[in-house]
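Undergrad: Take a look at the following structure, please.
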Amino acid sequence: MAERVVLAYSGGLDTTVAVRWLQQKEKLDVYAVLVDVGQGGDTEKLRQRALESGAADARVVDAREEFADEYVARALAANAMYQDRYPLLSALSRPLICRHLAKAAHDFDAKYVAHGCTGKGNDQVRFEVSLVALAPDLEVLAPVRNWGMNREETIEYGLKHKLPISVAPSSPYSIDENLWGRAIECGVLEDPYTEPPDDIWERTRRPKGASDEPTYVEIDFRAGHPVEVDGRQMAFRELVQHIDELAGSYGYGRIDMIEDRVVGIKSREIYEAPGALALIKAHRDLEELTLDRDVLRTKRELERRYAGIAYDGLWHSPLREALDAFIHSTSAYVNGKVRLKMQPGNVSVVGRSSPAPMYDLGLATYDHLDAFDHKQAEGFVRLWGLPLKTWAKARQVDRGNLWESGPDK
Ligand code: ARG
Numbered sequence: 050m051a052e053r054v055v056l057a058y059s060g061g062l063d064t065t066v067a068v069r070w071l072q073q074k075e076k077l078d079v080y081a082v083l084v085d086v087g088q089g090g091d092t093e094k095l096r097q098r099a100l101e102s103g104a105a106d107a108r109v110v111d112a113r114e115e116f117a118d119e120y121v122a123r124a125l126a127a128n129a130m131y132q133d134r135y136p137l138l139s140a141l142s143r144p145l146i147c148r149h150l151a152k153a154a155h156d157f158d159a160k161y162v163a164h165g166c167t168g169k170g171n172d173q174v175r176f177e178v179s180l181v182a183l184a185p186d187l188e189v190l191a192p193v194r195n196w197g198m199n200r201e202e203t204i205e206y207g208l209k210h211k212l213p214i215s216v217a218p219s220s221p222y223s224i225d226e227n228l229w230g231r232a233i234e235c236g237v238l239e240d241p242y243t244e245p246p247d248d249i250w251e252r253t254r255r256p257k258g259a260s261d262e263p264t265y266v267e268i269d270f271r272a273g274h275p276v277e278v279d280g281r282q283m284a285f286r287e288l289v290q291h292i293d294e295l296a297g298s299y300g301y302g303r304i305d306m307i308e309d310r311v312v313g314i315k316s317r318e319i320y321e322a323p324g325a326l327a328l329i330k331a332h333r334d335l336e337e338l339t340l341d342r343d344v345l346r347t348k349r350e351l352e353r354r355y356a357g358i359a360y361d362g363l364w365h366s367p368l369r370e371a372l373d374a375f376i377h378s379t380s381a382y383v384n385g386k387v388r389l390k391m392q393p394g395n396v397s398v399v400g401r402s403s404p405a406p407m408y409d410l411g412l413a414t415y416d417h418l419d420a421f422d423h424k425q426a427e428g429f430v431r432l433w434g435l436p437l438k439t440w441a442k443a444r445q446v447d448r449g450n451l452w453e454s455g456p457d458k
């Protein structure tokens, strides 16, 4: 009896060809697993495609809720953005897909797991590192990285084996998509000086005849987690979708950046992530209102680290768990609501309030209600500057005129 491999199946050209290739070259029985993280498409049709390509079995796992609640919600609490710009949509989904691959490998009693990533991207790293963390006994195969076929040869292989592939690519771009946004790569986008053509946009397209009137949206957060929009309770997944559609309809949420991949290359990346950007903006703002200055500062530093960990494929790691514990602890104070204003091309925070704000009007105001003790400021400022005063005096004694041997000379 042949050994078994669980293949992370997307329904695209590469993984469809991989089904047959793993059988033919590696002599394995292939069990295809398509994990639905909200990428769209007819999953049942794709499942059939895997079977037609020769898979011994094919399953679809609906992980949309899990992706929202266990991955995206954490990323939002962490305001996670790689290079301060990319909200990590693809990076977040891989560790979840791996969880389901590991589970399927167990169910099907498979010795191997395979993915369809190339050798140039981050996703191979995320797949293999996640899998080793979750199921160290499984062996990982990377057929697409190793088969040495280019696109034409892959199509040729598919045609020769009568696989259900379409010869004309449906789009010149490589697209990865889920609840948290959409990534668009390849084609003309590889020239970093070329403006992205209009036809690449989907989620950030303004509907024809859309009015320029702004829309105001109020988002309620409880313990750092958005729970209501305009007073209406919503499940997290539904809420993200709702904000994504609304902000996207104003043309907000486009990202065009040069990204540093884990494997050492820079690439030009385009994203559309209206919901992610709007929600992170709102969440950060509410944190500024409700968190103590030191906690906030420390959290911002750790957020960078968090994004780096997620990007680099280290989601299933003790450090990510420890950072989540910190974030969970600080989030307890992040309660209240944020008012967003959506206008063509922009979403901005125009109001925030909390039942327990760190903002104190009595301390902040310049009018007659002022409760701030101005006299204490005098002593504070003097002591705050004392080390510099001491330093300046010492320098003048040592070096004579400060202006001739100034600070930078
Ligand atoms: N550059 C992004 C990342 O590494 C997006 C990757 C998209 N993946 C894809 N196969 N198109 O997270």
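If you want the working numbering, it's the position in the sequence shown, counting the first as 1, plus 49.
Cβ coordinates follow ideal geometry from the N, Cα and C atoms, glycine included.
For clarity, every value in this text was computed on a predicted model and none was experimentally measured.
1) Taking 7 Å as the cut-off, is the CB of residue 411 close to at least one heavy atom of the ligand ARG?
2) Can you tell which of 324, 138, 186 and 307 has the C-alpha that lies nearest to the C-alpha of residue 316?
3) Mapping DSSP to helix, strand and coil, what is residue 367?
4) Which residue's Cα is closest to the Cα of residue 196: 150, 74, 102 and 294?
5) Closer than 7 Å: is that where the CB of residue 171 sits relative to any heavy atom of the ligand ARG?
6) Kindly give me the distance between the Cβ atoms of residue 389 and residue 327, rounded to whole angstroms, as I take these residues to be in contact under 8 Å.
7) Taking the beta strand (DSSP E) that residue 244 falls in, what are its first and last residues?
8) Mapping the DSSP letters down to three states, classify residue 183 as helix, strand or coil.
9) So if DSSP puts residue 274 in a beta bridge, which residue, or which two residues, is it bridged to?
10) Compute every distance between the C-beta of residue 186 and the non-hydrogen atoms of the ligand ARG, then say whether any falls below 7 Å.
11) Buried or exposed: where does residue 240 fall if 16 or more other Cβ atoms within 10 Å of its Cβ makes it buried?
12) Just to confirm the assignment, what range does the alpha helix (DSSP H) spanning residue 211 have?
13) Would residue 424 be called buried (16 or more neighbouring beta carbons within 10 Å of its own) or exposed?
14) By the 10 Å Cβ neighbour count, where 16 or more other Cβ atoms means buried, how is residue 173 classified, buried or exposed?
15) Which same chain residues, not among the five before or five after residue 151, have their C-beta less than 6 Å away from its C-beta?
16) Kindly indicate the opening and closing residues of the alpha helix (DSSP H) around residue 93.
17) Only counting runs of 3 or more residues, tell me where the beta strand (DSSP E) segments fall wholly within the stretch 248 to 322, in order along the chain.
18) Give every residue of the same chain whose Cβ lies closer than 6 Å to the Cβ of residue 311, excluding the five residues on either side of it in the sequence, and list them in chain order.
19) Taking the C-alpha atoms as reference points, what is the distance between residue 340 and residue 391?
20) As an exercise, report each continuous beta strand (DSSP E) stretch of at least 3 residues that is fully enclosed by the stretch 52 to 123, in chain order.
21) Please confirm whether any heavy atom of the ligand ARG lies closer than 7 Å to the CB of residue 298.
22) Under a three-way DSSP split, which group does residue 160 fall into?
23) Between the Cα of residue 217 and those of 204, 209 and 71, spot the shortest distance and give me the residue it belongs to.
24) Please say whether residue 100 and residue 207 have beta carbons closer to each other than 8 Å?
25) Enumerate in chain order the residues of its own chain whose CB-to-CB distance from residue 243 is below 7 Å, with the five nearest sequence positions on each side excluded.
26) Measure the alpha-carbon distance for residue 249 versus residue 351 and round it to whole angstroms.
27) Where does residue 399 land, buried or exposed, given buried means 16+ other C-beta within 10 angstroms?
28) Give every residue of the same chain whose Cβ lies closer than 6 Å to the Cβ of residue 338, excluding the five residues on either side of it in the sequence, and list them in chain order.
TA: Let me spell this out:
1) If you number the sequence shown from 1, residue 411 lands on position 362. Checking every heavy atom of the ligand ARG against the Cβ of residue 411, none is found closer than 7 Å.
2) Residue mapping note: residue 316 aligns to position 267 of the sequence shown, counting from 1. Per the Cα distances, 307.
3) Here residue 367 refers to the residue found at position 318 when the sequence shown is read from its first residue. Residue state for residue 367 is assigned as helix, using DSSP reduced to three classes.
4) For this step, residue 196 is matched to residue 147 along the sequence shown. Just measuring C-alpha positions, the residue of 150, 74, 102 and 294 sitting nearest residue 196 is 74.
5) Reading the sequence shown from its first residue, position 122 is the one you call residue 171. Yes; taking the cut-off as 7 Å, the Cβ of residue 171 has a heavy atom of the ligand ARG nearer than that.
6) Within the sequence shown, residue 389 is the residue found at index 340, counting from 1. Within the sequence shown, residue 327 is the residue found at index 278, counting from 1. 6 Å between Cβ atoms; contact.
7) Position 195 of the sequence shown holds residue 244. Neither: residue 244 is in no beta strand (DSSP E) and is coded neither H nor E.
8) Numbered from its first residue, the sequence shown carries residue 183 at position 134. Correct three-state label for residue 183: helix.
9) Mapped onto the sequence shown, residue 274 falls at position 225. For residue 274, the pairing in a beta bridge is given by DSSP as 271.
10) The residue you call residue 186 lines up with position 137 of the sequence shown. No, the ligand ARG has no heavy atom inside 7 Å of this Cβ.
11) Within the sequence shown, numbered from 1, the residue matching residue 240 stands at position 191. Answer is exposed; the Cβ neighbour count stays below 16.
12) Taking the sequence shown and counting its residues from 1, one reaches residue 211 at position 162. Segment: none, residue 211 is in no alpha helix (DSSP H) and carries neither H nor E.
13) Start at 1 with the first residue of the sequence shown, and residue 424 comes out as number 375. With fewer than 16 Cβ atoms within 10 Å of its Cβ, residue 424 is classed as exposed.
14) Translated into the one-based positions of the sequence shown, residue 173 becomes position 124. Counting Cβ neighbours within 10 Å, residue 173 comes out buried, since at least 16 surround it.
15) Numbered from its first residue, the sequence shown carries residue 151 at position 102. For residue 151, where only same-chain residues beyond five positions count, the Cβ hits under 6 Å are 183 and 184.
16) By one-based count along the sequence shown, residue 93 stands at place 44. First-last of the alpha helix (DSSP H) with residue 93: 92 to 101.
17) As far as the stretch 248 to 322 is concerned, its whole beta strand (DSSP E) runs of at least 3 residues are 264 to 271, 274 to 278, 303 to 309 and 315 to 321.
18) Sequence index remark: in the sequence shown, residue 311 carries index 262 (1-based). If we look at residue 311 and ignore the five residues flanking it on each side, its Cβ neighbours are 171, 174 and 361.
19) Counting from one through the sequence shown, the residue named residue 340 turns up at place 291. Counting from one through the sequence shown, the residue named residue 391 turns up at place 342. Cα-Cα distance, rounded: 26 Å.
20) Counting only unbroken stretches of 3 or more residues, the beta strand (DSSP E) elements lying wholly within the stretch 52 to 123 are 53 to 57, 78 to 85 and 106 to 111, in sequence order.
21) Within the sequence shown, residue 298 is the residue found at index 249, counting from 1. No, since every heavy atom of the ligand ARG falls outside the 7 Å radius drawn around the Cβ of residue 298.
22) Residue 160 sits at position 111 when you count from the first residue of the sequence shown. Coil at residue 160, not helix or strand.
23) In the sequence shown, residue 217 corresponds to position 168, counting from 1. The residue with the shortest Cα to Cα distance from residue 217 is 204.
24) The count along the sequence shown starts at 1 and reaches residue 207 at position 158. The count along the sequence shown starts at 1 and reaches residue 100 at position 51. Their beta carbons are not under 8 Å apart, which means residue 207 does not touch residue 100 by this criterion.
25) Here residue 243 refers to the residue found at position 194 when the sequence shown is read from its first residue. Correct list, in chain order: 237.
26) Numbered from its first residue, the sequence shown carries residue 249 at position 200. Numbered from its first residue, the sequence shown carries residue 351 at position 302. Roughly 34 Å between the two C-alpha positions.
27) Counting from one through the sequence shown, the residue named residue 399 turns up at place 350. By the 10 Å Cβ count, residue 399 comes out exposed.
28) Locating residue 338 in the sequence shown gives position 289, counting from the first residue. Closer than 6 Å at Cβ, skipping near neighbours: 401, 403, 406 and 408.
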